[in-house]
Structures are given as C-alpha cells and as structure tokens.
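When you number the sequence shown by numbering that gives the first Met the number 0, it's gap-free, plus one each residue, and the end is 472.
Glycine included, every Cβ here is placed at the ideal spot set by N, Cα and C.
Quick notes on the structure that follows.
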Amino acid sequence: MAEASKALSPLDAKRQIEYMERVFSLNEKHAIDMGLRRKVFVLTLGCQQNEADSERLLGMALKMGYEKTEVPDDASLIIVNTCAIREHAEKRALSLVGQYKHIKAKNPELIIVVCGCMVVQEHRVNDIKHRYPYVDILFGPSLIHKMPEHIYNRMSGSKRIFDPDDKIYTFAEGLPVCRESSFKAWVSIMYGCNNFCSYCIVPYVRGRERSRKREDVINEVRELVEKGYKDITLLGQNVNSYGVDSGFDYDFADLLSDIDKIEGDYIIHFMTSHPKNASKKLIDVMADSKHVARHFHLPMQSGSDSVLRAMNRRYDFEKYIGILDYIREKMPECTVSSDIIVGFPTETDKDFEDTLAALERARFDMIYSFQYSPRKGTPAAEMVQIEQSVKQERFDRMLALQNSISLENNKKTEGKTLRVLCEGESKNNTDTYFGRTEGGKIVFFEPCPENIGKFVDVNIERGDTFALYGKII
Ligand code: 5AD
Ligand code: SF4
C-alpha cells in the first residue's frame with residue numbers, strides 16, 4: 000500500500016520521452032522494411048478514470064509510431080486496461096486476455112500489455128504470471144507513464160515485465176494524449192482515495208489521494224475550451240477532497256469557481272463526490288456559476304444508517320438528505336444521480352426497506368445500482384455474506400422502484416425545451432441521433448450531422464424510463 004506520493008520528476012519524464020523516441024525508431028524501421036505500420040489496439044474496462052488513462056496510453060503509443068486499430072487481430076501492441084471494482088469486471092478482463100492467446104500464436108512479435116487496477120493485486124499478478132504466459136508486460140495504474148520503457152525493453156529481448164505497484168504512487172504531467180472525442184473530454188484533477196469504504200478496492204489499487212496543481216488543471220481546461228471542447232468532466236475518486244493533500248487553503252469549490260471564469264461555450268461536469276464532504280460552499284459555487292452543469296452525482300450507497308456505518312461511509316441518511324435538499328433549494332432544476340449497493344454483508348430486510356424508503360424520498364433522476372461483490376483484502380469481504388438469491392431479489396425490487404421514479408421525473412420534461420449536446424448517430428438506429436442534457440439524460444431526435452459536437456435545443460415530446468424523445472427547434 001502507498002505510503003507516499005510524488006509528481007514524476009522532469010528527469011524521469013524526459014527518460015520516458017527518450018524511450019518513446021527509441022520505440023518510434025524501431026517502428027519506423029519496421030514500416031520501411033515491411034511496407035506497413037505496426038498498429039495498437041486499446042481495450043478499456045471500468046470507470047471514467049480508466050478511460051482517461053487509456054487516452055494517455057493511446058497517446059503514448061501513437062508517439063511511439065503505432066497506428067490505432069479497432070481490430071485486435073491486426074495489432075502488434077494490445078493494451079488491456081483493467082478494472083477491479085467488482086468480480087464481474089475482473090472475469091471479463093481475464094476472459095478477453097484469454098482470447099488474445101490465439102493472436103499471439105499467429106503473430107509472435109505481438110506485445111500484450113495488461114495494466115490498470117486489476118493487476119496491482121498480488122493474486123492477479125500471480126494469475127497472469129502463471130496462467131497467461133503470453134502476456135508480455137503488466138503495470139499498475141500509477142505507472143502508466145512507464146509503458147514506453149517497458150515496451151522498449153521487451154522489444155529489445157528482455158524477459159516478461161511485471162511492475163504492478165511502485166508503492167510511491169507517482170503521477171505524470173505532460174504525457175501525450177489522444178482523446179476519443181473532439182467535443183467531450185476527461186480531465187483528472189486528482190488520483191487515489193483515502194476513504195477506505197469497507198467494500199471498496201480502489202484505495203488499495205490506486206493509492207493515496209494526490210491532487211494535480213491548480214495551474215495544470217486550469218490550463219488543461221482552458222486549452223480544451225480553446226480547441227472547441229464542449230463538455231469537460233473533472234475526475235477524481237472524491238473530487239471534494241481536492242487540494243487537501245497539498246495543504247493549501249484552496250479547495251474543490253475554489254477550483255470550480257476559477258475554472259468557471261474561463262470564457263467560452265462549454266459545460267463542466269465533475270465526478271465523483273463523497274457526501275461526507277460535499278460542502279454548501281461547493282453547491283453555492285455551482286448555483287452561481289455560468290458553466291457548471293446542473294448535475295450532481297452523489298453516491299448514497301445505502302439508505303440504512305447501520306449499513307452506512309458498516310460501510311465506513313461517515314454520514315447518515317439525515318446528513319445525506321440535507322445535502323440533497325440544499326442542492327434542490329439552490330438549483331431546483333438540478334439532476335441528481337446516485338450509486339447504490341444492495342446485498343452488503345450486514346444488510347437486513349429492514350435495512351433494505353430503509354434503502355427503498357430513501358429512494359422514494361430522494362427521487363433520483365437515475366441510479367447506478369450494484370450487487371455487492373466481495374473484494375479480496377477489503378474488510379467487508381471477511382464479513383458473513385448475503386445469499387446470492389437474496390441479493391438478486393433485492394436488486395430487482397430496487398430497480399423496479401427506481402424505474403418508476405425515473406419515469407415520473409422524465410415525464411416532467413415533456414413539453415419543455417432542453418439544451419442538448421448532440422453526440423451523433425444512435426447505435427441501434429441510424430435514423431435517429433442522440434445527445435445528452437447537461438443533467439446527463441439521453442435524448443433521441445432526428446438526424447442532424449451538421450450539429451455533431453454542438454449544443455442544440457430540443458423540444459421534448461416524450462419522457463421514458465431511460466431516455467427522452469423530441470425534435471430540434
Ligand atoms: N461491490 C459492488 N459495488 C461496488 N462499488 C464499489 N465497490 C463495490 C463492490 N465491492 C460501487 C459503489 C461505487 C461505484 C463506483 O461502484 O457504488 O460508488
Ligand atoms: Fe471506493 Fe469509497 Fe474511495 Fe469511492 S470514496 S473510491 S467508494 S473507497
């Protein structure tokens with residue numbers, strides 16, 4: 000586990016740039032000799048932080064002379080960025096890595112990298128070492144900047160490389176980045192988590208909180224706005240503790256307020272916020288801001304005080320609902336979403352009923368709901384577990400209730416005009432385009448290729464459980 004953290008020294012950063020150049024030369028030579036460029040395939044599992052990390056991994060790979068491909072069979076470098084938050088995510092990662100075995104058999108020069116949260120855990124490192132011998136390189140999420148060095152060494156004949164965790168939890172500024180979208184962007188403002196919720200693996204795999212310098216964050220946002228980005232999401236496991244580790248009298252609300260001063264046509268989202276330190280000051284800054292989206296993602300996890308205590312969440316339902324009421328008092332139009340876990344080890348029928356009552360009271364626009372998944376090394380994994388059938392039954396009941404609340408909330412948008420960022424063609428139906436409101440609600444409307452990446456005003460004709468439908472004005 001991390002005891003210290005530091006920003007990557009300029010010297011170490013320079014070293015990695017040199018490695019990028021060396022790999023670039025090897026790849027250039029290959030392109031000239033063989034008449035074709037080596038390609039990189041990046042697969043990302045898990046949260047937005049992982050997506051942001053993958054944009055840096057891809058950015059470095061492009062600098063090293065690889066071309067991006069969506070087809071793993073065509074790649075000379077496959078990067079799997081894994082997640083450890085629930086067992087399901089780990090099983091998926093391992094099954095996907097398993098599928099790359101046959102590609103390696105056909106193409107022995109293929110380099111397979113497995114990185115991200117899953118591979119910080121010792122038992123997973125051992126799994127990969129022994130059961131996945133065709134994986135070449137493994138590194139944890141705080142070591143992504145070392146990928147160029149590892150790739151160069153492996154290309155130059157080194158043994159398989161295992162670098163799960165440096166116990167220092169470095170973070171690097173100035174890595175090349177290749178963003179997936181030309182109008183939506185992630186900006187990490189801090190890394191790691193100090194909260195140790197008793198069910199959660201994140202503090203063990205992502206280390207202690209460390210905040211980026213405010214100038215670095217503000218400059219990154221300003222550059223994005225200047226390039227025309229419209230929707231910028233500030234990321235951290237708990238953005239509300241931004242700056243605490245640096246000891247300055249400058250908190251997340253101050254950062255948000257400074258970012259809001261940047262001129263332009265854009266909106267700012269942020270996630271995730273821990274309710275124990277979601278301050279009135281932050282809500283006041285949001286309410287007074289020009290660019291901060293009227294959307295609050297505030298994970299409640301449970302509506303039962305005894306479960307919240309066992310989860311080590313450090314708030315009770317009364318405190319939670321107090322924050323929610325204040326958000327709605329200051330911003331009646333604000334969309335609120337939440338995370339809920341059912342089947343946490345100590346959860347009784349009564350506790351679960353408390354969660355249902357909390358959902359009735361909170362009336363979230365949407366929730367991300369999860370069945371508790373034991374994570375090795377966390378306190379909750381050692382407690383007496385709830386039967387799977389009980390978890391499933393509670394999960395189904397909770398979803399049915401939340402769906403009726405979401406539907407009721409979405410119906411209230413009918414007849415209103417909402418500002419929507421147009422994202423493009425709907426995946427399932429090319430005759431429909433889709434976008435998101437600043438509150439994160441999905442809206443479907445008629446095709447309008449000229450508006451991709453722009454804000455449009457949509458008149459909402461129908462509000463359904465999971466989406467809104469309307470016409471552009
Ligand atoms: N089991 C189920 N859900 C979990 N989450 C975190 N850890 C676990 C776990 N072990 C959920 C929490 C968190 C979200 C990102 O994932 O609700 O807010
Ligand atoms: Fe996990 Fe809790 Fe940290 Fe969120 S705040 S990352 S749930 S430990």
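Residue i Cβ short of 8 angstroms to the ligand SF4 heavy atom set
i, result
"residue 201", "yes"
"residue 194", "yes"
"residue 473", "Outside the displayed range of the chain (0 to 472) lies residue 473, so it cannot be described from this structure."
"residue 273", "yes"
Rounded distance between the beta-carbons of residue j and residue i, thought under 8 angstroms
i, j, result
"residue 220", "residue 186", "6 angstroms"
"residue 241", "residue 254", "6 angstroms"
"residue 211", "residue 188", "6 angstroms"
"residue 229", "residue 23", "Not quite, the Cβ-Cβ distance comes to about 33 angstroms (not below 8 angstroms), so this is no contact."
"residue 456", "residue 446", "Wrong, their Cβ atoms sit about 16 angstroms apart, outside the cutoff."
"residue 62", "residue 39", "Not confirmed; about 11 angstroms, so no contact."
"residue 147", "residue 33", "With a Cβ gap of about 22 angstroms, residue 147 and residue 33 do not count as contacting."
Opposing strand residues paired with residue i [DSSP bridges]
i, result
"residue 49", "DSSP output for residue 49 lists no bridge partner at all."
"residue 300", "339"
"residue 268", "232"
"residue 423", "433"
"residue 368", "339"
"residue 418", "456"
"residue 142", "According to DSSP, residue 142 bridges with nothing at all."
"residue 543", "Since the displayed the chain opens at 0 and closes at 472, residue 543 lies outside it and no answer follows."
"residue 78", "41, 112"
"residue 470", "458"
"residue 137", "113, 161"
Secondary structure of residue i, DSSP reduced to three states
i, result
"residue 383", "coil"
"residue 196", "coil"
"residue 432", "strand"
"residue 459", "strand"
"residue 363", "coil"
"residue 24", "helix"
"residue 242", "coil"
"residue 250", "coil"
"residue 90", "helix"
"residue 322", "helix"
"residue 295", "strand"
Residue i beta carbon near the ligand 5AD (any heavy atom closer than 8 angstroms)
i, result
"residue 298", "yes"
"residue 198", "yes"
"residue 374", "yes"
"residue 85", "yes"
"residue 339", "yes"
"residue 370", "yes"
"residue 92", "no"
"residue 361", "no"
"residue 367", "yes"
Beta carbon proximity, residue i to chain C, threshold 9 angstroms
i, result
"residue 430", "Absent here is chain C; the protein component of the structure consists of one chain."
Stretch pair the segment 10 to 30 + the segment 46 to 57: three plus CB contacts closer than 8 angstroms:
Touching, no.
Stretch pair the segment 335 to 351 + the segment 303 to 310: three plus CB contacts closer than 8 angstroms
Pairwise C-beta distances place the segment 335 to 351 in contact with the segment 303 to 310, as three or more of them are shorter than 8 angstroms.
Are the segment 59 to 75 and the segment 114 to 125 touching, with three or more C-beta to C-beta distances below 8 angstroms?
The count of Cβ pairs closer than 8 angstroms, one atom from the segment 59 to 75 and one from the segment 114 to 125, stays below three, leaving the stretches out of contact.
Check whether the segment 330 to 338 touches the segment 363 to 373, taking contact to mean three or more Cβ pairs, one atom from each stretch, closer than 8 angstroms.
The segment 330 to 338 vs the segment 363 to 373: in contact.
Closer than 8 angstroms is the cut-off here; do at least three beta carbon pairs connect the segment 243 to 259 with the segment 398 to 405?
The segment 243 to 259 makes no contact with the segment 398 to 405; the number of CB pairs closer than 8 angstroms stays below 3.
Between the segment 373 to 392 and the segment 320 to 331, do at least 3 Cβ pairs fall closer than 8 angstroms?
Cβ pair count under 8 angstroms is below three, so no.
Does the contact criterion of 3 or more C-beta pairs under 8 angstroms hold for the segment 384 to 396 versus the segment 407 to 418?
With contact defined as three or more Cβ pairs closer than 8 angstroms, the segment 384 to 396 and the segment 407 to 418 are not in contact.
Under 8 angstroms, with one C-beta from each stretch per pair, do the segment 32 to 48 and the segment 76 to 89 reach the 3-pair mark?
These segments touch.
Taking 8 angstroms as the cut-off, does the segment 411 to 421 touch the segment 436 to 445 (at least 3 CB pairs, one atom from each stretch)?
The segment 436 to 445, when compared against the segment 411 to 421, does touch it at the 8 angstroms Cβ threshold.
contact_flag[the segment 307 to 323, the segment 270 to 279] where n(CB pairs < 8 angstroms) is 3 or more:
Here the segment 307 to 323 lies against the segment 270 to 279, with 3 or more beta-carbon pairs under 8 angstroms apart.
Spell out a yes or no on whether the segment 147 to 163 and the segment 173 to 183 are touching, meaning 3 or more CB-CB pairs, one atom from each, closer than 8 angstroms.
Flag = no, the segment 147 to 163 and the segment 173 to 183 do not touch.
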